[in-house]
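**Student:**
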Amino acid sequence: MAQTPHVLIVDDDPEIRQLVGQFLTQHGFRVSGAADGPAMRRILAADTADLVVLDIMLPGEDGFSLCRQLRGGSKVPVIFLTAAGDETDRVVGLELGADDYLGKPFSTRELLARIRAVLRRTTATPSAEDQKPRPTCLVFSGWRLDTGKRQLYSPEGILVALSGGEFDLLTAFLDNPHVVLTRDQLLDLTRGRIAGPFDRTIDVQVGRIRRKIEGDPKSPSLIKTVRGGGYILTSDVDSLC
8 MAQTPHVLIV
18 DDDPEIRQLV
28 GQFLTQHGFR
38 VSGAADGPAM
48 RRILAADTAD
58 LVVLDIMLPG
68 EDGFSLCRQL
78 RGGSKVPVIF
88 LTAAGDETDR
98 VVGLELGADD
108 YLGKPFSTRE
118 LLARIRAVLR
128 RTTATPSAED
138 QKPRPTCLVF
148 SGWRLDTGKR
158 QLYSPEGILV
168 ALSGGEFDLL
178 TAFLDNPHVV
188 LTRDQLLDLT
198 RGRIAGPFDR
208 TIDVQVGRIR
218 RKIEGDPKSP
228 SLIKTVRGGG
238 YILTSDVDSL
248 C
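Counting in my numbering, the final residue of the sequence shown is number 248, and the numbers go up one at a time with none missing.
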């Protein structure tokens, strides 16, 4: 990341672009603004952004489409701006690879805190422990997760599609078998953030994973709910290199 982090704000509201831009500039960021997808692409073609603040509701291409484009060839962190209380937007955004989200209307100070947190996480220098190669495959109850190719295979050898969010969440469980993981811990492990009081994105994604790996998703045996605690993977996990 450059010494002065470059934040690109993509929002069709000029007042939001101006307000957020001035506030972030005052706090040491270099800021560019774009009203839509074509403007975003022009800026990124001419300059590198360290983080993109991306509104979902945009004229023409929406934020989801633009995030897919970004993830197709870039790992630039993305923070979504969503409609307040819209859980579906939050879940879809995280599964597309967004690093965080913030509901409108929002506080510029909260946005600043989230930007700083995402940049700390995504630009941190890996420790020696983090740099150790992880196993190529993780096997549990006959299932096989290829961590290199990000592919899941059933006990019968059938490829089962996983979204990016589902892969990250399943990997968190496989890295911590027989351990009760709270929603906050799971969000921290997969997204580096904590849950809000009405945040159900983890519950939704656990439900989707259960429908793919459980014999009876309504009575799960692999990923069980711990009342008042969170979730636990009950299976042993074997590592294959």
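Yeah, the Cβ is synthetic: ideal placement off N, Cα and C, and Gly gets one too.
This structure is a prediction, so every number in the text was calculated from the model and none was measured.
Would A179 be called buried (16 or more neighbouring beta carbons within 10 Å of its own) or exposed?
**Tutor:** Numbered from 1 along the sequence shown, position 172 holds the residue referred to as residue 179. Counting Cβ neighbours within 10 Å, A179 comes out buried, since at least 16 surround it.
**Student:** List the endpoints of the continuous beta strand (DSSP E) containing V59.
**Tutor:** Within the sequence shown, residue 59 is the residue found at index 52, counting from 1. Looking at the DSSP string, the run of the beta strand (DSSP E) that includes V59 is 58–62.
**Student:** With respect to the alpha helix (DSSP H) encompassing D175, which residues constitute its N-terminal and C-terminal limits?
**Tutor:** Taking the sequence shown and counting its residues from 1, one reaches residue 175 at position 168. Unbroken alpha helix (DSSP H) run through D175: 171–182.
**Student:** Is DSSP giving G40 helix, strand or coil here?
**Tutor:** Looking up residue 40 in the sequence shown gives position 33. The answer is strand: DSSP assigns G40 an E or B state.
**Student:** Using a threshold of 7 Å, state whether the C-beta atoms of A56 and L109 are closer than that.
**Tutor:** One-based indexing of the sequence shown puts residue 56 at position 49. One-based indexing of the sequence shown puts residue 109 at position 102. No, they are not a contact pair.
**Student:** Could you check the C-alpha separation between G86 and G214 for me, to the nearest Å?
**Tutor:** Residue numbering aside, residue 86 sits at position 79 when the sequence shown is read from its first letter. Residue numbering aside, residue 214 sits at position 207 when the sequence shown is read from its first letter. At residue 86 the sequence reads Ile, which differs from the Gly that was named. Each residue's Cα considered, the two are about 24 Å apart.
**Student:** Any contact of the stretch 63–76 with the stretch 40–47, i.e. 3+ C-beta pairs under 8 Å?
**Tutor:** yes
**Student:** Below 8 Å, how does it come out for the stretch 109–128 and the stretch 225–233: are there three or more Cβ pairs, yes or no?
**Tutor:** no
**Student:** What does DSSP give as the partner residues of A90 in its beta bridges?
**Tutor:** Counting from one through the sequence shown, the residue named residue 90 turns up at place 83. In DSSP, A90 forms a bridge with K111.
**Student:** How would you call D18, buried or exposed, if buried means at least 16 neighbouring beta carbons within 10 angstroms?
**Tutor:** As a first step, residue 18 must be located in the sequence shown, where it is residue number 11. Per the 10 Å Cβ criterion, buried.
**Student:** Less than 8 Å between the CB atoms is what I'm expecting for L159 and F30, so what's the real figure, rounded?
**Tutor:** If you number the sequence shown from 1, residue 159 lands on position 152. If you number the sequence shown from 1, residue 30 lands on position 23. About 42 Å separates the two Cβ atoms, so there is no contact after all.
**Student:** Where does D195 fall in DSSP's three states?
**Tutor:** Here the question's residue 195 lines up with position 188 in the sequence shown. Looking at D195 - three-state DSSP - the assignment turns out to be helix.
**Student:** Buried or exposed: L194, going by 16 or more other Cβ atoms within 10 Å of its Cβ?
**Tutor:** Here residue 194 refers to the residue found at position 187 when the sequence shown is read from its first residue. So L194 ends up on the buried side.
**Student:** Taking its Cβ as the centre, do 16 or more other Cβ atoms sit within 10 Å of I209, making it buried, or is it exposed?
**Tutor:** Position 202 of the sequence shown, counting from 1, holds the residue named residue 209. I209 comes out buried.
**Student:** Which residues in the same chain as H34 place their Cβ atom closer than 7 Å to its Cβ, once the five residues preceding and following it in sequence are excluded?
**Tutor:** Residue 34 sits at position 27 when you count from the first residue of the sequence shown. Only L119 meet the Cβ criterion.
**Student:** Do the CB positions of L166 and Y238 come within less than 7 Å of each other?
**Tutor:** On the sequence shown, position 159 is the one that residue 166 refers to. On the sequence shown, position 231 is the one that residue 238 refers to. In this structure, Y238 does not lie closer than 7 Å to L166 by Cβ.
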